[in-house]
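Working notes, structure below.
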Amino acid sequence: MSDSTTGRPVRIGIVGTGGIARIHADNIAKLAGRAAIVGAVDVDPDRLAGFQAEFGVEAGYASLEELLEHGKPDIVHLCTPPGLHKEQALIALAAGVDVLSEKPPALSLAEIDELAAAERASGAHFATVSQHRFGGRATWLRERLADGKLGRPMVAVCNTLWYRPDSYFDVPWRGNWDIEGGGPTMGHGIHQIDTMLSILGPWAEVVAVSARQARPVATEDLSTAIVTFENGTVATVVNSLLSPRETSYLRFDFEFATVELEHLYGYGDDNWKITAAPGHEAEVEALWAEGPHGNSGHAAQFAAVIDAREQGLPLPVETTSARRTLELIAGIYASSFTGVRVASGDIDTDSPFYSSMEGSGAPWREALAVAE
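Following this line, the structure appears as structure tokens:
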């Protein structure tokens, strides 16, 4: 199936040819001819050449501007460090080219708002990679929230318990606010946080604690939060890079059933579990058997992106939805660093947390300065 606007496969340009770009290329190849990589960009010529050879990409470029001029992509995939996403997206949008950006799409609410304004001005679309939204059971849960067949959601758990050694932060852009935008809350837990929000809907209030326990970073290496949702659900959220037994865990307790997901970097049907409340076994079992089924992953989102192009719709995950996730992350930092509860909407243009996730400053900033 081709892009209905052109009668040919969607032309994709990849910017940045590191590890995540290889995941993109592998998953684009799974789209059965619906898309093709027409060019790649990297400032490291050896890395670029290796990527081209591995994935059969004929055209390589030293800059995004060259890709846009000569490669003529329909969509640019941003696979660069987080601190580059906004500026690169602005360049592509100004050229009228759609953008699919790896997470986080921006380093602050100010940046995501700037991208939204550029998107409106250009007519092109900006979307964020949020591949865990696109598995079958995540879709199933959103349907159950809509139809109420599992009853009211009341309790949720959202844990990203990962492990990263000190050597992980030898990469210069990791562990700092200016380029990575934050620690595990921003760069790692965002996957589970985004999936939770896509299921439970808008959040209302958050109270949180963050810490720099062990890693040689300017950001946190641990955060915990209690989030209250507009629908009344109360969720606990933990983001850690200190946890030797790694897991990504989501749990949703409804009136009639508990639904759990445990995986690490991607899930299939076997990673989900449902437990019916006493007296509701038959109806819950029947609902679970209906599906839909299917793995999460980049290929699933890429297919949805192409579907949206064919239908003339905004690309998923659209800017408004990505902003909701970034706003909760900003709220976690703001509550952690100020010691107050933060409501959705509190972080406006007058807040220091609007232009930076560090906001008024991490509590350990002075200790770090003395140590240095």
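Residue 209 in the UniProt record's numbering sits at position 209 of the sequence shown, and the numbers go up by one each step.
Where a beta carbon is used, it is the ideal one built from N, C-alpha and C, also for glycine.
Every value quoted in this text rests on a predicted model; they were computed, and no experiment measured them.
How far does the alpha helix (DSSP H) with Trp-140 in it reach, from first residue to last? For the purposes of this step, residue 140 is taken as the residue at position 140 of the sequence shown. Per DSSP, Trp-140 belongs to the alpha helix (DSSP H) from 136 to 147.
On the CB-based measure, 16 or more other CB atoms within 10 Å of its CB, does Tyr-265 come out buried or exposed? If you number the sequence shown from 1, residue 265 lands on position 265. Exposed is the call here.
Between the Cα of Arg-365 and the Cα atoms of Glu-262, Glu-290, Gly-96 and Ser-210, which residue gives the shortest distance? Within the sequence shown, numbered from 1, the residue matching residue 365 stands at position 365. From the listed residues Glu-262, Glu-290, Gly-96 and Ser-210, the smallest Cα separation to Arg-365 is found for Ser-210.
If we count the other Cβ atoms within 10 Å of its Cβ and call it buried at 16 or more, is Met-154 buried or exposed? Reading the sequence shown from its first residue, position 154 is the one you call residue 154. By the beta-carbon neighbour count (other beta carbons within 10 angstroms, threshold 16), Met-154 is exposed.
Under 8 Å, do Val-284 and Phe-252 count as touching if we go by C-beta distance? Taking the first residue of the sequence shown as position 1, residue 284 is located at position 284. Taking the first residue of the sequence shown as position 1, residue 252 is located at position 252. When the beta-carbon positions are compared, Val-284 and Phe-252 stay at least 8 Å from each other.
Which of the three DSSP states is assigned to Tyr-265 in this structure? For the purposes of this step, residue 265 is taken as residue 265 along the sequence shown, with counting starting at 1. Correct three-state label for Tyr-265: coil.
Using the three-state DSSP reduction, which class does Val-57 fall into: helix, strand or coil? Mapped onto the sequence shown, residue 57 falls at position 57. Note: Val-57 maps to coil in three-state DSSP.
Put Tyr-37 into one of helix, strand or coil per three-state DSSP. Taking the first residue of the sequence shown as 1, we reach residue 37 at position 37. The question names Tyr, yet the displayed sequence has Ile at residue 37. Three-state result, Ile-37: strand.
Report yes if the CB atom of Pro-82 is closer than 8 Å to the CB atom of Glu-180, and no otherwise. By 1-based counting over the sequence shown, the position of residue 82 is 82. By 1-based counting over the sequence shown, the position of residue 180 is 180. Closer than 8 Å, so yes.
The beta strand (DSSP E) with Met-154 in it runs from where to where? The residue you call residue 154 lines up with position 154 of the sequence shown. Under the DSSP assignment, Met-154 falls in the beta strand (DSSP E) whose first and last residues are 153 to 163.
Closer than 6 Å by C-beta to Ala-322: which residues in its own chain qualify, once you throw out the five before and the five after it? Chain order, please. In the sequence shown, residue 322 corresponds to position 322, counting from 1. If we look at Ala-322 and ignore the five residues flanking it on each side, its Cβ neighbours are Pro-105 and Thr-128.
Return yes when the Cβ of Tyr-267 is within less than 8 Å of the Cβ of Ser-296, no when it is not. Position 296 of the sequence shown, counting from 1, holds the residue named residue 296. Position 267 of the sequence shown, counting from 1, holds the residue named residue 267. Against a cut-off of 8 Å, the Cβ pair of Tyr-267 and Ser-296 comes out as a contact.
Cut-off 6 Å between Cβ atoms - residues of its own chain near Arg-144, not counting five sequence neighbours on either side: Within the sequence shown, residue 144 is the residue found at index 144, counting from 1. Counting only Cβ-Cβ distances below 6 Å, and skipping sequence neighbours, we find Leu-150.
In whole angstroms, give me the CA-to-CA distance for Ser-223 and Leu-109. Counting from 1 along the sequence shown, the entry for residue 223 is found at position 223. Counting from 1 along the sequence shown, the entry for residue 109 is found at position 109. Spanning the two alpha carbons is a distance of roughly 19 Å.
Would a check of beta-carbon distances place Gln-213 closer than 8 Å to chain C? Annotation note: the requested chain C is absent from the structure, which comprises a single protein chain.
When DSSP labels each residue in this structure, what does Gly-16 get in the three-state scheme? Within the sequence shown, the letter at position 16 stands for residue 16. Here Gly-16 sits in coil by DSSP.
Do the CB positions of Ala-362 and Ile-347 come within less than 8 Å of each other? Stepping through the sequence shown from its first residue, residue 362 is reached at position 362. Stepping through the sequence shown from its first residue, residue 347 is reached at position 347. Taking 8 Å as the Cβ cut-off, Ala-362 and Ile-347 do not qualify as a contacting pair.
Three-state secondary structure (DSSP) of Ser-2: Residue numbering aside, residue 2 sits at position 2 when the sequence shown is read from its first letter. Because the pLDDT of Ser-2 is 45, which lies under 50, any placement of that residue in the model is unreliable, and the question is left without a value.
May I ask you to verify whether the segment 211 to 231 touches the segment 117 to 124, counting CB pairs closer than 8 Å and requiring at least 3? No contact exists between the segment 211 to 231 and the segment 117 to 124.
Quick one: give me the first and last residue of the alpha helix (DSSP H) that His-293 is part of. Taking the sequence shown and counting its residues from 1, one reaches residue 293 at position 293. His-293 -> no alpha helix (DSSP H), and no H or E assigned at all.
Give me, in chain order, the residues of the same chain whose beta-carbon lies closer than 6 Å to that of Ser-2; leave out the 5 immediate sequence neighbours on both sides. Within the sequence shown, numbered from 1, the residue matching residue 2 stands at position 2. At Ser-2, the pLDDT of 45 sits below 50, so the modelled position is not reliable; the number obtained from the coordinates is stated separately. Contacts found: Arg-8 and Pro-9.
Between the segment 133 to 143 and the segment 224 to 239, do at least 3 Cβ pairs fall closer than 8 Å? Because the criterion of three Cβ pairs below 8 Å is not met, the segment 133 to 143 and the segment 224 to 239 do not touch.
Own chain residues within Cβ distance below 7 Å of Val-370, not counting five before or after: Within the sequence shown, the letter at position 370 stands for residue 370. Its pLDDT being 48, under 50, Val-370 is placed unreliably in this model, and the coordinates cannot settle the point.
Would you decide whether Tyr-163 is buried or exposed? Buried here means 16 or more other CB atoms lie within 10 Å of its CB. Taking the first residue of the sequence shown as position 1, residue 163 is located at position 163. Exposed is the call here.
Do three or more CB pairs link the segment 15 to 26 to the segment 304 to 315 at distances below 8 Å? no
With distances taken Cα to Cα, identify the nearest neighbour of Asn-247 among Ala-286, Lys-72 and His-191. By one-based count along the sequence shown, residue 247 stands at place 247. Reading the sequence as shown, one finds Thr at residue 247 and not Asn. When only C-alpha atoms are compared, the closest one is His-191.
Uninterrupted beta strand (DSSP E) stretches inside the segment 89 to 141 (no shorter than 3 residues): Runs found: 98 to 101 and 126 to 128.
Boundaries (first-last residue) of the alpha helix (DSSP H) holding Asp-307: One-based indexing of the sequence shown puts residue 307 at position 307. Segment 298 to 311, the alpha helix (DSSP H) holding Asp-307.
Since I believe Glu-102 is in contact with Leu-67 (beta carbons under 8 Å), could you give me their beta-carbon distance rounded to a whole number of angstroms? Position 67 of the sequence shown, counted from the start, is the residue given in the question as residue 67. Position 102 of the sequence shown, counted from the start, is the residue given in the question as residue 102. In fact, because the Cβ distance is near 16 Å, the residues do not count as touching under 8 Å.
Inter-residue spacing [alpha-carbon to alpha-carbon] between Asn-271 and Thr-258: To locate residue 271, count along the sequence shown from 1; it is residue 271. To locate residue 258, count along the sequence shown from 1; it is residue 258. Going from the Cα of Asn-271 to the Cα of Thr-258 covers about 14 Å.
On the three-state DSSP scale, how would you describe residue 393? Outside the displayed range of the chain (1 to 372) lies residue 393, so it cannot be described from this structure.
If I'm right that Pro-216 touches Phe-169 with Cβ under 8 Å, what's the distance once you round it to whole angstroms? Your numbering for residue 216 matches position 216 in the sequence shown. Your numbering for residue 169 matches position 169 in the sequence shown. So it is a contact: roughly 6 Å between Cβ atoms.
To the nearest angstrom, how far is it from the Cα of Leu-287 to the Cα of Thr-338? Within the sequence shown, numbered from 1, the residue matching residue 287 stands at position 287. Within the sequence shown, numbered from 1, the residue matching residue 338 stands at position 338. Cα-Cα distance, rounded: 44 Å.
With distances taken between CB atoms, is the gap from Ala-89 to Leu-48 smaller than 8 Å? Residue numbering aside, residue 89 sits at position 89 when the sequence shown is read from its first letter. Residue numbering aside, residue 48 sits at position 48 when the sequence shown is read from its first letter. No, Cβ-Cβ distance for Ala-89 and Leu-48 is not below 8 Å.
In angstroms, rounded to a whole number, what distance separates the CA positions of Trp-177 and Met-186? Numbered from its first residue, the sequence shown carries residue 177 at position 177. Numbered from its first residue, the sequence shown carries residue 186 at position 186. Those two C-alpha atoms are separated by around 10 Å.
Opening and closing residue of the alpha helix (DSSP H) in which Arg-251 lies: Within the sequence shown, the letter at position 251 stands for residue 251. Looking at the DSSP string, Arg-251 is not in any alpha helix (DSSP H); the run it does join, the beta strand (DSSP E), is 242 to 254.
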